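Peer 1: Okay, here's the structure, questions in a sec.
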Amino acid sequence: MIYSGSMNDKMLQRVEKAIVNIESVHQNLVDKPFALIEKSKFLSKTAQPAKLNHKTAIEKFYRGLRDLTEAGFHFNNQISELMSVMNTHQRSQ
């Protein structure tokens, strides 16, 4: 289904907001075990780098997901514009 630009923008904003919310939940879930490890002082020196690696990996994953989503919406806009131009051209002939 092809949407107008403003509707497409609204949908993109909603999708990005949902992705940010899911990322936040994911980060919180990953942080909990590391917080317990840090409180117990057990393996605290190895927990911090592992926590940072997990945080970075999650951020990269969701950034990539947002980029792919945005690219998909831009592609949809371009197809919509192309179809509009083709329809206008066909009507003029």
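The sequence shown begins at 1384 in our numbering and counts up by one.
The beta carbon of each residue, even a glycine, is placed where N, CA and C say it ideally should be.
Fair warning: this is a prediction, and the values are worked out from it, not measured in the lab.
(1) Check the C-beta distance from K1438 over to Q1410 and give it rounded, since I have them as a contact under 8 Å.
(2) Grab me the residues of K1434's own chain with a C-beta within less than 6 Å of its C-beta, minus the 5 sequence neighbours each way, in chain order.
(3) Where does F1456 land, buried or exposed, given buried means 16+ other C-beta within 10 angstroms?
(4) By DSSP, does F1425 sit in helix, in strand, or in coil?
(5) Go ahead and pull the three-state DSSP assignment for Q1476.
(6) Do you know offhand how far V1408's Cα is from I1420's?
(7) Look at the Cβ atom of E1399, then the Cβ atom of R1474, and state whether they are nearer than 7 Å.
(8) Distance check for K1415 and A1454, CA to CA, integer angstroms please.
Peer 2: So, from the data block:
(1) Working through the sequence shown from its first residue, we reach residue 1438 at position 55. Working through the sequence shown from its first residue, we reach residue 1410 at position 27. Yes, K1438 and Q1410 are in contact; Cβ-Cβ is about 7 Å, under 8 Å.
(2) Here residue 1434 corresponds to residue number 51 of the sequence shown, with the count starting at 1. Around K1434: F1417.
(3) Counting from one through the sequence shown, the residue named residue 1456 turns up at place 73. Looking at its Cβ environment, which holds 16 or more other Cβ atoms inside 10 Å, F1456 is buried.
(4) On the sequence shown, residue 1425 is found 42 positions in, with the first residue counted as 1. Correct three-state label for F1425: coil.
(5) To locate residue 1476, count along the sequence shown from 1; it is residue 93. Looking at Q1476 - three-state DSSP - the assignment turns out to be coil, as it is neither helix nor strand.
(6) For the purposes of this step, residue 1408 is taken as the residue at position 25 of the sequence shown. For the purposes of this step, residue 1420 is taken as the residue at position 37 of the sequence shown. Taking the straight line from one Cα to the other gives about 19 Å.
(7) Indexing the sequence shown from 1 puts residue 1399 at position 16. Indexing the sequence shown from 1 puts residue 1474 at position 91. The answer is no: Cβ separation not under 7 Å.
(8) To locate residue 1454, count along the sequence shown from 1; it is residue 71. To locate residue 1415, count along the sequence shown from 1; it is residue 32. Distance between the alpha carbons of A1454 and K1415 is about 33 Å.
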